[in-house]
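Q:
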Amino acid sequence: MIDAAGLRVMKAIADEGSFTGAALALGYSQPAISQMVRRLEQRTGTVLVERVGRNVRLTEAGQVLARHAVAVLSALDAAEEEVAAIAGLRAGRVRLMAFPSSSATLVPRALALVKERFPDVQVTFTEAEPPESLAALKAGECDLAVAFAYEGTDVGRGEEDMDLFVQHKLLDDEVRLALPHDHPLAEQDVVDLSTLSDDNWIAGCPRCRGHLLQLCSEAGFSPNVGFETEDYVAVLGLVAEGLGVALIPDLILRTAHHHDVVTRPIKPASRRTISVVTTTDLQRVPAVQATIDALVEAAKAKPRVLASN
Numbered sequence: 001m002i003d004a005a006g007l008r009v010m011k012a013i014a015d016e017g018s019f020t021g022a023a024l025a026l027g028y029s030q031p032a033i034s035q036m037v038r039r040l041e042q043r044t045g046t047v048l049v050e051r052v053g054r055n056v057r058l059t060e061a062g063q064v065l066a067r068h069a070v071a072v073l074s075a076l077d078a079a080e081e082e083v084a085a086i087a088g089l090r091a092g093r094v095r096l097m098a099f100p101s102s103s104a105t106l107v108p109r110a111l112a113l114v115k116e117r118f119p120d121v122q123v124t125f126t127e128a129e130p131p132e133s134l135a136a137l138k139a140g141e142c143d144l145a146v147a148f149a150y151e152g153t154d155v156g157r158g159e160e161d162m163d164l165f166v167q168h169k170l171l172d173d174e175v176r177l178a179l180p181h182d183h184p185l186a187e188q189d190v191v192d193l194s195t196l197s198d199d200n201w202i203a204g205c206p207r208c209r210g211h212l213l214q215l216c217s218e219a220g221f222s223p224n225v226g227f228e229t230e231d232y233v234a235v236l237g238l239v240a241e242g243l244g245v246a247l248i249p250d251l252i253l254r255t256a257h258h259h260d261v262v263t264r265p266i267k268p269a270s271r272r273t274i275s276v277v278t279t280t281d282l283q284r285v286p287a288v289q290a291t292i293d294a295l296v297e298a299a300k301a302k303p304r305v306l307a308s309n
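Taking UniProt numbering, the leading residue of the sequence shown gets 1, the next gets one more, and so forth.
This is the structure we're talking about:
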């Protein structure tokens with residue numbers, strides 16, 4: 001029932017000692033000051049100003065409001081300044097989640113761009129695979145999620161309420177076969193997956209190898225997974241030692257290489273779409289949009305990967 005305008009009037013009356021002085025200090029007319037005082041008295045249910053000749057004096061209740069007005073109005077001014085700083089990209093925080101292979105490629109460049117252009121904007125980063133990152137976005141635990149989806153699937157992996165999200169495509173990421181350099185198929189330009197039914201495979205955890213299982217099933221076999229790791233550097237090391245073959249996205253090969261590993265396109269071809277996901281409301285936050293723009297730019301700036309090492 002007590003608004004900021006009413007508090008400003010009470011403080012001005014206390015400082016100036018009259019309606020006329022308060023009106024001049026605030027840039028209002030005297031009738032407007034009188035009307036605001038009457039409205040505030042109606043809302044509080046008590047007399048706030050006592051008229052003494054040409055001057056006025058605050059009652060005990062009026063003095064209480066004037067005293068609290070100092071702290072309240074200071075807090076409001078500080079809040080307005082902080083909001084203005086966020087809106088003007090002079091401050092702000094963005095919570096970003098991204099899957100591991102993007103954290104070595106897209107994310108560092110995007111974070112550097114934001115820091116260069118808006119040094120007062122803070123972007124925090126946590127690794128998370130979809131759909132965990134999307135669940136965090138839905139729960140309000142992050143502002144942006146960099147996620148991926150293989151052909152024939154969606155970013156949400158069947159999660160509900162995907163219509164709450166807004167997606168910005170960053171790039172298409174081809175999936176390649178990693179082979180030891182002395183593998184019998186290493187000289188082929190394109191490797192048919194059906195010819196690898198007897199090979200040992202290196203893959204991620206059972207929950208994360210659905211794409212490999214689907215591709216191999218379509219090729220007519222079930223892969224013999226002999227080694228399990230989420231670390232693509234370890235994957236390349238295992239492949240280099242001739243312990244198996246693996247599927248590796250181009251995004252990984254932009255930063256991870258091994259001179260004893262050959263990568264080849266596969267038949268049938270496979271690729272995944274990488275996107276940054278947020279909500280309609282969060283997208284309107286300047287710092288969030290600036291981070292999206294930086295991710296889009298980082299994706300475009302990355303060089304293409306050759307079909308072989």
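All residues carry an ideal CB built from backbone N, CA and C; glycine is no exception.
Please identify the residue among Gln283, Gly242, Pro206 and Ala299 whose C-alpha is closest to the C-alpha of Thr229.
A: Pro206
Q: Spatial neighbours of Asn55 within its chain, please: CB distance less than 8 Å, with the 5 preceding and 5 following residues excluded, ordered by chain position.
A: Around Asn55: Gly17 and Ser18.
Q: Is it the case that the Cβ atoms of Leu236 and Phe227 are separated by a distance below 8 Å?
A: no
Q: Looking at C-alpha atoms only, which residue of Trp201, His259 and Thr255 is the closest neighbour of Ala246?
A: Scanning Trp201, His259 and Thr255 for the CA closest to the CA of Ala246 turns up Trp201.
Q: Whole angstroms is fine: what's the gap from Leu26's alpha carbon to Gln122's?
A: 37 Å
Q: Determine the direct distance from the alpha carbon of Val288 to that of Ser217, and round the result to whole angstroms.
A: A straight-line Cα-Cα distance of about 41 Å links Ser217 and Val288.
Q: Is the beta carbon of Leu113 closer than 8 Å to that of residue 367?
A: For the chain, the structure presents residues 1 to 309; residue 367 sits outside this window and is missing.
Q: Compute every distance between the C-beta of His259 and the non-hydrogen atoms of the ligand SAH, then say whether any falls below 7 Å.
A: Looking for the ligand SAH in the displayed structure turns up nothing, as the structure carries no ligands at all.
Q: With 16 other CB atoms within 10 Å as the buried threshold, where does Arg8 fall?
A: buried
Q: What beta strand (DSSP E) runs, 3 residues minimum, are completely inside the segment 157-205?
A: For the segment 157-205, whole beta strand (DSSP E) runs of length 3 or above, ordered along the chain, are 165-180 and 200-203.
Q: What residues match up with Tyr150 in a beta bridge as DSSP calls it?
A: Arg272
Q: Three-state secondary structure (DSSP) at Met97?
A: strand
Q: Using the C-alpha atoms, what's the distance from Ala61 back to Ala294?
A: 54 Å
Q: Can you find the residues in the same chain that come closer than 8 Å, C-beta to C-beta, to Ser222, ignoring five residues on each side of it along the sequence?
A: Leu213 and Cys216
Q: Go ahead and pull the three-state DSSP assignment for Gly243.
A: Before going on, a small fix: residue 243 reads as Leu here, not Gly. DSSP places Leu243 in coil when its eight states are reduced to three.
Q: I think Lys11 touches Leu73, with their Cβ atoms under 8 Å apart; what is that distance to the nearest whole Å?
A: 7 Å
Q: How about Pro234 and Pro180: are their beta carbons less than 8 Å apart?
A: Position check: residue 234 holds Ala in this sequence, whereas Pro was assumed. Going by C-beta atoms, Ala234 is not nearer than 8 Å to Pro180.
Q: Suppose you measure from the CA of Ala87 to the CA of Glu81; what does that come to, to the nearest Å?
A: Using only the alpha carbons, I get a separation of about 10 Å.
Q: Taking the continuous beta strand (DSSP E) assigned at Glu127, which residues delimit it?
A: If you look at Glu127, you'll find it in the beta strand (DSSP E) that goes Gln122 to Glu127.
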